[in-house]
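Heads up, the sequence shown is in this note's numbering, so the first residue is 1296 and it goes up one at a time.
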Amino acid sequence: PCCQPRVKNIHFAASQVDGVVLRPGERFSLNEHLGPRTNEAGFLDAPTIVRGKMEPSPGGGISQFATTLFNAALDGGYEIVQRQPHTFYFSRYPEGHEATVSYPEPDLVFRNDTKSGLLIKTQYTSTYIRVLLYGDNEGRRVERKVSPRYDFVEPPIEYVPNEALDPEETKIKEPGQQGWTVTVTRLLEYPDGTTVDQTRRVV
């Protein structure tokens, strides 16, 4: 939804990345480019995953920009150097194909492993974010695969004292979310017919 602090953080991050050019062989680090997330640097406080709980902190929400940038690089066939999934699953992200960032780690890093320059352009309105990559990926074709979910894990139960309740009474503060694992694959095909299978487990 429009106008939340997290949306403003997403737009701010996108504006900082818009127009970046990567030379052949050059890598792009989102953390190096944005620097520490502070209010003084222009980031607003918004919900962030901190040790398994949502807490407000400067720059909350920019993992949605990181995920969009990651998917652009993934589909472009570029080399993914560093990427870490969230510890929670958000249904707005492609399952298994998402990236979280925090300063200084985890980071999103990819490399322009082509012989041509690569221009990063961003577009956004109050309700969407888009990343466009302009370059020559030398005819690479990308196919994604995501396995069915497996290794299901129930959320742990944490009891918090509440003096307003009867000793025998309980109240659910947060229901928790079942965890799972998926196996994700990027099949990268080059014009000469060579195929590279890049598979990882995402928990």
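Just so it is clear, CB atoms sit at the ideal spot from N, CA and C, and this is done for glycine as well.
- Under DSSP, TYR1429 takes part in a beta bridge, and its partners are LEU1414.
- SER1386 counts as exposed, since fewer than 16 other C-beta atoms from the protein chains shown sit within 10 angstroms of its C-beta.
- Between GLY1412 and ARG1301, the C-beta spacing is not below 7 Å.
- ILE1344: member of the beta strand (DSSP E) spanning 1340-1345, first to last residue.
- Annotated as distal: LEU1427 and PHE1365, with beta-carbon spacing of 7 Å or more.
- Minimum Cα-Cα distance from PHE1405 among the listed residues PRO1443, ASP1461 and GLY1372 corresponds to GLY1372.
- In the DSSP annotation of this structure, the continuous segment of the beta strand (DSSP E) that includes GLY1474 starts and ends at 1474-1484.
- Burial is judged here by how many other beta carbons sit within 10 angstroms of a residue's own beta carbon; PRO1443 has fewer than 16 and is exposed.
- Excluding sequence positions up to five before and after ARG1481, its CB lies within less than 7 Å of the CB of LEU1369, VAL1437, ARG1439 and GLN1493, all in the same chain and listed in chain order.
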